[in-house]
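Numbering (the working numbering), first residue to last: 9 to 221.
Cβ atoms here follow ideal geometry from the backbone N, Cα and C, with glycine treated the same way.
What follows is a single structure, written as structure tokens, with notes after it.
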Ligand SMILES: N[C@@H](CCC(=O)N[C@@H](CS)C(=O)NCC(=O)O)C(=O)O
């Protein structure tokens with residue numbers, strides 16, 4: 009039994025895409041992170057910081073997107089979304105999967121918040137270094153771990169699509185081309201559709217749309 013704790017249009021949406029790529033049955037548990045009063049305390053028993061995503065698989069809980077991705081791809085190897093232990097491409101796969109949350113996400117968030125800081129002051133370094141690294145990689149490599157689509161692409165493409173849409177990341181040709189070759193997949197489209205439908209049930213979004221925002 010695979011349970012997926014999710015909120016639409018959030019960081020958890022990357023894991024929804026991954027779920028669809030895996031092609032295994034799962035039960036989606038909607039956590040309304042935008043509800044008045046915040047996420048209920050009871051959810052802390054699943055995710056100590058009350059954040060989505062989280063999964064529960066055969067009685068064990070996994071949190072953090074990178075860990076969830078690694079866990080699920082190893083638990084369901086038939087999906088072919090991760091190089092196996094001992095395969096050379098596994099190094100780049102793990103590096104980029106973790107980079108998405110450890111470097112890309114906080115560097116973009118710091119930029120979006122207008123922070124001014126020295127790259128050496130934070131583990132994620134400067135926005136400019138991150139940008140150059142990602143651009144170089146996506147120029148040199150078809151997919152981020154090499155020649156094959158992996159769960160690291162789900163994370164990176166999901167992140168790039170969202171932050172480029174918010175104008176927090178420049179529309180570099182390398183990013184636009186990468187999104188074209190990663191997001192045009194049936195699983196990505198199914199995930200988008202499901203997320204959209206779920207988002208339409210969230211009172212905070214209904215209010216936002218009613219105000220025309
Ligand atoms: N490091 C976490 C971050 C997850 C995260 O930031 N989730 C946000 C949604 S975008 C959340 O659940 N926010 C709800 C809250 O903080 O109350 C991961 O990658 O899994």
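Check	Outcome
Proximity test, residue 207 beta-carbon vs ligand 1 heavy atom, cut-off 7 Å	no
Boundaries of the beta strand (DSSP E) in which residue 13 is found, first to last residue	10-14
Within 8 Å, strictly: CB atoms of residue 113 and residue 127	no
Heavy atom of ligand 1 within 7 Å of residue 106 beta-carbon	no
Minimum C-alpha distance to residue 87 - residue among 198, 11, 30	30
Closer than 7 Å: residue 147 CB and nearest ligand 1 heavy atom	no
Close Cβ partners of residue 119 (< 7 Å) along its chain, the five nearest in sequence each way excluded	135, 176
Residue 26 - partner residues in DSSP beta bridges	DSSP output for residue 26 lists no bridge partner at all.
Short Cβ contact (8 Å threshold) for residue 51 with residue 39	yes
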